[in-house]
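> I'd like to ask some things about the structure below.
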Amino acid sequence: MAETPEAVRKLQNGLEPYIKPREQANYIRRILALHLASHSQDGPLSQPLALAAQRHDNVASATDAKGLHREYLDALRANTAARRQFEDVVQARPGRPELFTTDSSASNPLDERLAILKLQQKRQKLSAVRKYLDQLVDQPAAAPCFLDAEQIFKGAPPPPSVPKEVVNSLVAEKSAAAPDLRSQANQLEKVVLRTKLLLRQEEKLLGEAKARSRNRPDVVSNGAKLEALNATRTELISWIESELGNASAEEPNDETEARTVSEGNPEADQSTIEAGLLEIKQKYARYLESRRNLLSLVSARPRPCAVPDLKPNMPQTTPAVAPPPTNHLLIPYIERLLSLSRNQKALITQKSHLKSTLNKQAEHAYEGLGHLAEESQLLPAYPMKESLRRRSGLMEALTSKKSDVPDISSRIKPWVFASDSAKIANLESVAETLEGGQVALEGSIKALQELEALLGVGESETAKNAEEDEPGEDDVWLATGGAKDKGPRKHTDKPKAPERKPGDIWSSLHGNLGLIGQEDAA
């Protein structure tokens, strides 16, 4: 119910651009009428304006048209042909066509009368609505009596009296709309305390009753039962009388309310009030009669009379004492056993449900693994060994004997073995590939070293480093002389060997051709 105003508001907002007041709508109609009259030049309109300059006979050919345009032209041509045929038939029969009248014998006058009455009722309703709408439009909204309840409901029949229970429920609902949390919390605390006190009293009474029952385990006598029944009957009668007294105390309030209603509306129906009083009197008379019958039945209950003992005196024998009943001792255990049996039954049901669900899932998985094994290329490449199958055959036989569910491990083990075998084969192939690459790398390194030795790249670098580290030959006298006499002597300088180019293979032989044989001899 809370969502209805929001939905109505959304609908009103959506329809607001299309809803106009009556004056604005009339104004728009007048403008449109003037606009059409200006286009029609104050003459009668014999045909629609859209077809004013066209004739039905002139229809374009559908050869150039395509799709929906062609279908439209075909339909238009068929329509014009049918219209032309109709005009020809009308011109051939210039007389007034006979009107299709319904058979008077077939029509039912009762149905016609009912239809006329329905139309009259609808007309009356619409006229009443129109009348009051006109009154509302004519009456200003700022008048004090515009929304006066007395003026609105003047002349209307009085509403029926609402029962007191309905009014109280409505008041309770209205008061519950804005609850006081503090008062409710206090009230709940009071209720909790009251229930705790009642529980303690009942526990105390129960303990006393148990103690009395332990002290007196004998069977309760009929006199005690009769006394208990009489006490219960008196308590019940007193409670009924108190309830009737409360009801009779509440009746004057109802009478005062009825009197106020009758004073406010003197034309109220007194027959309903009299009927209600008569019904109450009858109910009370029936109650009194049933009470008298109950009392007479209780008082007329036959009591066991003492039968005189005519048998000769026999020696007294100790009567066999009946064992005390053990129902009150067995009932708690029986209730406990029943609750345990219910719990056990629920557990068994749940276990069977879970077992059936797991069995179904295992069957689906078993079938899926079977289909995958048929389509797989891994299992034929790496089949499982027979030794492993024999080792697990005993366990599979034991599990298959225990249950009818197929063993899913028998389908999973070949996949595990095949995956492990494929992994090991892949690792071996990778190791072999790495080993071959290592051998090829070592060969390539050796070939590079031989090329460097052939090209002399390494020898030139070592020779250059040796020349940088080797000191030049200076004159001994220059070393012992003064600082001014220091300086290299030109005739004692060693001629430098031509520089070797690192990329030239002939640089190692430059200037040393005569020493090739000597180096070999040395």
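In the UniProt record's numbering, the protein residues as written are 1 to 522. Idealized CB from N, CA, C, for every residue including glycine. No experiment lies behind these values; they were computed from the predicted model shown.
Classify residue 79 as helix, strand or coil using the three-state DSSP reduction.
Mapped onto the sequence shown, residue 79 falls at position 79. Here residue 79 sits in helix by DSSP.
> If you check the beta carbons only, do residue 369 and residue 414 fall under 7 Å apart?
The count along the sequence shown starts at 1 and reaches residue 369 at position 369. The count along the sequence shown starts at 1 and reaches residue 414 at position 414. No; because the gap between Cβ atoms is not below 7 Å, this pair is not in contact.
> Which value, in whole angstroms, describes the spacing of the CA atoms of residue 231 and residue 197?
In the sequence shown, the residue the question calls residue 231 occupies position 231. In the sequence shown, the residue the question calls residue 197 occupies position 197. Cα-Cα distance, rounded: 25 Å.
> Below 8 Å on the Cβ atoms is my contact criterion, and I expect residue 418 with residue 382 to pass it. Report the Cβ-Cβ distance as a whole number of Å.
Here the question's residue 418 lines up with position 418 in the sequence shown. Here the question's residue 382 lines up with position 382 in the sequence shown. About 4 Å; that satisfies the 8 Å criterion.
> If you run the structure through DSSP and keep just helix, strand and coil, what is residue 376?
Looking up residue 376 in the sequence shown gives position 376. Coil, per DSSP.
> Compare the Cα-Cα distances from residue 240 to each of 284, 297 and 359 and report the closest residue.
Counting from one through the sequence shown, the residue named residue 240 turns up at place 240. Of 284, 297 and 359, the residue nearest in Cα terms is 284.
> So, are the CB atoms of residue 334 and residue 362 less than 7 Å apart?
Numbered from 1 along the sequence shown, position 334 holds the residue referred to as residue 334. Numbered from 1 along the sequence shown, position 362 holds the residue referred to as residue 362. Cβ atoms of residue 334 and residue 362: not closer than 7 Å.
> In whole angstroms, give me the CA-to-CA distance for residue 128 and residue 39.
The residue labelled residue 128 in the question sits at position 128 within the sequence shown. The residue labelled residue 39 in the question sits at position 39 within the sequence shown. Cα to Cα, residue 128 sits roughly 41 Å from residue 39.
> Which value, in whole angstroms, describes the spacing of the CA atoms of residue 130 and residue 121?
Translated into positions along the sequence shown, residue 130 becomes position 130. Translated into positions along the sequence shown, residue 121 becomes position 121. Taking the straight line joining both Cα atoms gives about 14 Å.
> DSSP three-state label for residue 12, please.
Taking the sequence shown and counting its residues from 1, the one referred to as residue 12 is at position 12. Reduced to three states, the DSSP call for residue 12 is helix.
> Between residue 344 and chain D, is the shortest Cβ-Cβ distance under 7 Å, so that the two count as touching?
Among the chains of the structure shown, chain D does not appear; only one protein chain is present.
> With DSSP run on the structure shown, which of helix, strand or coil describes residue 67?
Translated into positions along the sequence shown, residue 67 becomes position 67. Reduced to three states, the DSSP call for residue 67 is coil.
> If I follow the unbroken alpha helix (DSSP H) through residue 418, where does it start and stop?
For this step, residue 418 is matched to residue 418 along the sequence shown. Counting along the chain, the alpha helix (DSSP H) containing residue 418 begins and ends at 409–455.
> What's the gap between the Cα of residue 274 and the Cα of residue 201?
Against the sequence shown, residue 274 aligns to sequence position 274. Against the sequence shown, residue 201 aligns to sequence position 201. Computed Cα separation, rounded: 48 Å.
> Give me the Cα-Cα distance between residue 431 and residue 349, rounded to the nearest whole angstrom.
Stepping through the sequence shown from its first residue, residue 431 is reached at position 431. Stepping through the sequence shown from its first residue, residue 349 is reached at position 349. Cα to Cα, the separation comes out at about 57 Å.
> By the three-class DSSP mapping on this structure, what secondary structure does residue 93 have?
By one-based count along the sequence shown, residue 93 stands at place 93. Note: residue 93 maps to coil in three-state DSSP.
> Please work out which residues of its chain come closer than 8 Å, Cβ to Cβ, to residue 447, disregarding the five sequence neighbours upstream and downstream, and give them in chain order.
Here residue 447 corresponds to residue number 447 of the sequence shown, with the count starting at 1. Excluding residues within five positions, none has a Cβ falling inside 8 Å.
> What did DSSP end up calling residue 495 once you bin it into helix, strand or coil?
As a first step, residue 495 must be located in the sequence shown, where it is residue number 495. In this prediction, residue 495 scores a pLDDT of 49, lower than 50, which makes its location untrustworthy; no coordinate-derived value is stated.
> Let's test the definition: count the other Cβ atoms within 10 Å of the Cβ of residue 456 and tell me whether it reaches 16, buried, or not, exposed.
Indexing the sequence shown from 1 puts residue 456 at position 456. Burial call: buried.
> State the CB to CB distance for the pair residue 65 and residue 73, rounded to an integer number of angstroms; the pair is presumed to be in contact (CB under 8 Å).
By one-based count along the sequence shown, residue 65 stands at place 65. By one-based count along the sequence shown, residue 73 stands at place 73. Contact holds; Cβ gap of about 6 Å.
> Looking only at its own chain, which residues have a Cβ that is under 8 Å from the Cβ of residue 153, when we skip the five neighbours before and after it?
As a working note, residue 153 is residue 153 in the sequence shown. Here the set comprises nothing.
> Between 286, 22 and 347, which lies nearest to residue 137 when the distance is taken from Cα to Cα?
As a working mapping, residue 137 is identified with position 137 in the sequence shown. Of the listed residues, the one whose Cα sits closest to residue 137 is 22.
> Any idea what DSSP makes of residue 340, helix, strand or coil?
On the sequence shown, position 340 is the one that residue 340 refers to. Helix at residue 340.
> Give the DSSP-derived three-state secondary structure of residue 111 in the structure shown.
Looking up residue 111 in the sequence shown gives position 111. In the structure shown, residue 111 sits in a helix (DSSP, three-state: H, G or I).
> Does residue 19 come out as helix, strand or coil in the three-state DSSP assignment?
Here residue 19 refers to the residue found at position 19 of the sequence shown. Note: residue 19 maps to coil in three-state DSSP.
> Classify residue 366 as helix, strand or coil using the three-state DSSP reduction.
As a working note, residue 366 is residue 366 in the sequence shown. In this structure, residue 366 counts as helix in the three-state DSSP scheme.
> Alpha carbons only, please: which of 67, 355, 26 and 411 is nearest the one belonging to residue 374?
For this step, residue 374 is matched to residue 374 along the sequence shown. For the residues 67, 355, 26 and 411, the minimum Cα distance to residue 374 belongs to 411.
> Cα separation between residue 20 and residue 28?
Stepping through the sequence shown from its first residue, residue 20 is reached at position 20. Stepping through the sequence shown from its first residue, residue 28 is reached at position 28. Going from the Cα of residue 20 to the Cα of residue 28 covers about 10 Å.
> Look at the alpha carbon of residue 151 and the alpha carbon of residue 158, and state the distance between them as a whole number of angstroms.
Within the sequence shown, the letter at position 151 stands for residue 151. Within the sequence shown, the letter at position 158 stands for residue 158. So the alpha carbons of these two residues sit roughly 14 Å apart.
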